[in-house]
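J.:
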Amino acid sequence: MKETKIMENKTRGKFIVVEGGEGSGKGTCIENLKLHLPGDRVYFTREPGGTPFAEDTRKVLLAKRGYLIDPKAELLLAYGARIDHLGQVVIPKTKSGIHVISDRFYHSSDAYQIYGPERFDLVPLSDFLKREVVTLKPDLCIFLDLDTEKALERMRARGQELDHFESKDIEYHKRVRQGYLKSVEEGHHQILHIDDMSKDEVVALVLKTVKDFLEL
1 MKETKIMENK TRGKFIVVEG GEGSGKGTCI ENLKLHLPGD RVYFTREPGG TPFAEDTRKV
61 LLAKRGYLID PKAELLLAYG ARIDHLGQVV IPKTKSGIHV ISDRFYHSSD AYQIYGPERF
121 DLVPLSDFLK REVVTLKPDL CIFLDLDTEK ALERMRARGQ ELDHFESKDI EYHKRVRQGY
181 LKSVEEGHHQ ILHIDDMSKD EVVALVLKTV KDFLEL
């Protein structure tokens, strides 16, 4: 009997990252993408997170705590979760032809573990990890750039309890923004300046950007 071979899907799915500081509306944009993109062709995930180990790491990193963690330890924790996330979720999904959209990626590590706490001595370590550990780079990173004061006003207006990073002072968040702007200089990125845009305009722009890129 002649063996029938099933053609493997050779078209790799795209890997898209959505980045933005606190109050940028990133979460709202991602929820809108979930509503309008086909669930059988697009998989949504987040960092830290996406696997049981990475979700446990997320709890450690975001918890409000009465003690300090060295930013180097935070950076290595984030990359440990990232290795697991890439290996178990992002790479297998994209290899199977599924597009993956992640809420945050390594740009957030640069912003929150290096620029925020002003630990520029960690840049060589970060560069090494991105080069040797991040085995799949984003095909597209969308960064929602918003004036820091406006962003914090929006965040506090939500009336929700703030996590470890959200509760930092404005100078910290200004440095985080600069860290993002520096990090997204690399690769294929689109910086969307949203200072003078309404929430609906931002949501619509992100949806159009993603649909155009994925040709959906």
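If you read the sequence shown in this note's numbering, its first letter stands for residue 1, the second for the next number, and so on. Positions of the beta carbon are idealized from the N, C-alpha and C atoms, including for glycine.
1) Can you have a look at Asp196 and say buried or exposed, based on whether 16 or more other CB atoms are within 10 angstroms of its CB?
2) Starting from the N-terminal side, write out each stretch of the alpha helix (DSSP H) that is 4 residues or longer and does not extend beyond the region 30-104.
3) Output yes or no for whether 9 Å exceeds the beta carbon distance between Val90 and Ser102.
4) Just to confirm before moving on: does the CB-CB distance between Ile30 and Val42 stay below 9 Å?
5) Leaving out the 5 sequence neighbours to the left and right, which residues in its chain are closer than 8 Å to Arg12 when beta-carbon positions are compared?
6) Would you kindly check if the distance between the Cβ of Glu47 and the Cβ of Phe128 is under 9 Å?
7) Run the CB neighbour count on Ala73, radius 10 Å, all protein chains shown included, and call it buried at 16 or more, exposed below.
8) Here's a check: name, in chain order, each residue in its chain whose Cβ is nearer than 8 Å to the Cβ of Phe120, leaving out the five neighbours to either side.
9) Roughly how many angstroms lie between the CA atoms of Thr135 and Arg65, to the nearest whole one?
10) Does the contact criterion of 3 or more C-beta pairs under 8 Å hold for the region 133-148 versus the region 77-92?
11) Please say whether Leu35 and Leu214 have beta carbons closer to each other than 9 Å?
12) What's the call for Gly183, buried or exposed, on a 16-neighbour Cβ count within 10 Å?
13) Kindly indicate which residue of Ala157, Leu152, Leu77, Ala204 has the alpha-carbon position closest to the one of Tyr172.
14) Can you tell me where the beta strand (DSSP E) holding His164 begins and where it ends?
15) At the level of alpha carbons, what is the spacing between Met7 and Val202?
16) Thinking C-alpha only, which one of Leu207, Ala78, Ile16, Ser167 is nearest Phe53?
17) For my contact list, Gly116 and Arg175 are in at a C-beta cut-off of 8 Å; report their separation, rounded to the angstrom.
18) Using only the alpha-carbon positions, how far apart do Ile194 and Phe15 sit?
19) Tell me the rounded alpha-carbon separation between Leu61 and Lys130.
20) To the nearest angstrom, report how far apart Val100 and Leu207 are at their CA atoms.
21) Please report the straight-line C-alpha distance between Leu144 and Asp56, rounded to a whole angstrom.
22) Measure the alpha-carbon distance for Gly20 versus Lys26 and round it to whole angstroms.
T.: So, from the listed chains and residues:
1) Translated into the one-based positions of the sequence shown, residue 196 becomes position 196. Label assigned to Asp196: exposed.
2) 52-62, 71-85, 91-95
3) Indexing the sequence shown from 1 puts residue 90 at position 90. Indexing the sequence shown from 1 puts residue 102 at position 102. Yes, the pair counts as a contact, with Cβ atoms nearer than the cut-off.
4) Counting from one through the sequence shown, the residue named residue 30 turns up at place 30. Counting from one through the sequence shown, the residue named residue 42 turns up at place 42. Their beta carbons are not under 9 Å apart, which means Ile30 does not touch Val42 by this criterion.
5) Counting from 1 along the sequence shown, the entry for residue 12 is found at position 12. The beta carbon of Arg12 is closer than 8 Å to those of Thr94, Lys95, Gly97 in its chain, skipping five residues each way along the sequence.
6) For the purposes of this step, residue 128 is taken as the residue at position 128 of the sequence shown. For the purposes of this step, residue 47 is taken as the residue at position 47 of the sequence shown. Going by C-beta atoms, Phe128 is not nearer than 9 Å to Glu47.
7) In the sequence shown, residue 73 corresponds to position 73, counting from 1. Burial call: exposed.
8) Here residue 120 refers to the residue found at position 120 when the sequence shown is read from its first residue. Once the five neighbours on either side are set aside, the close Cβ partners of Phe120 are Ile114.
9) By 1-based counting over the sequence shown, the position of residue 135 is 135. By 1-based counting over the sequence shown, the position of residue 65 is 65. One C-alpha to the other measures close to 32 Å.
10) Of all C-beta pairs linking the region 133-148 to the region 77-92, three or more are shorter than 8 Å, placing the two stretches in contact.
11) Here residue 214 refers to the residue found at position 214 when the sequence shown is read from its first residue. Here residue 35 refers to the residue found at position 35 when the sequence shown is read from its first residue. No; because the gap between Cβ atoms is not below 9 Å, this pair is not in contact.
12) As a working mapping, residue 183 is identified with position 183 in the sequence shown. For the sequence presented, residue 183 should be read as Ser rather than Gly. Its Cβ being crowded by 16 or more others within 10 Å, Ser183 is buried.
13) Numbered from its first residue, the sequence shown carries residue 172 at position 172. Ranking the options by Cα distance to Tyr172, first place goes to Leu152.
14) Taking the first residue of the sequence shown as 1, we reach residue 164 at position 164. Segment: none, His164 is in no beta strand (DSSP E) and carries neither H nor E.
15) Start at 1 with the first residue of the sequence shown, and residue 7 comes out as number 7. Start at 1 with the first residue of the sequence shown, and residue 202 comes out as number 202. Low confidence applies here, because Met7 scores a pLDDT of 34, under 50, leaving its location unreliable and the question unanswered by this model.
16) Position 53 of the sequence shown, counting from 1, holds the residue named residue 53. Nearest option by C-alpha distance: Ala78.
17) Translated into the one-based positions of the sequence shown, residue 116 becomes position 116. Translated into the one-based positions of the sequence shown, residue 175 becomes position 175. So it is a contact: roughly 5 Å between Cβ atoms.
18) Residue numbering aside, residue 194 sits at position 194 when the sequence shown is read from its first letter. Residue numbering aside, residue 15 sits at position 15 when the sequence shown is read from its first letter. The straight-line gap from Cα to Cα measures roughly 23 Å.
19) Taking the first residue of the sequence shown as 1, we reach residue 61 at position 61. Taking the first residue of the sequence shown as 1, we reach residue 130 at position 130. Distance between the alpha carbons of Leu61 and Lys130: 19 Å.
20) Counting from one through the sequence shown, the residue named residue 100 turns up at place 100. Counting from one through the sequence shown, the residue named residue 207 turns up at place 207. Using only the alpha carbons, I get a separation of about 14 Å.
21) Residue numbering aside, residue 144 sits at position 144 when the sequence shown is read from its first letter. Residue numbering aside, residue 56 sits at position 56 when the sequence shown is read from its first letter. Approximately 27 Å between the Cα atoms of the pair.
22) As a position in the sequence shown, residue 20 is number 20, starting the count at 1. As a position in the sequence shown, residue 26 is number 26, starting the count at 1. Cα to Cα, Gly20 sits roughly 6 Å from Lys26.
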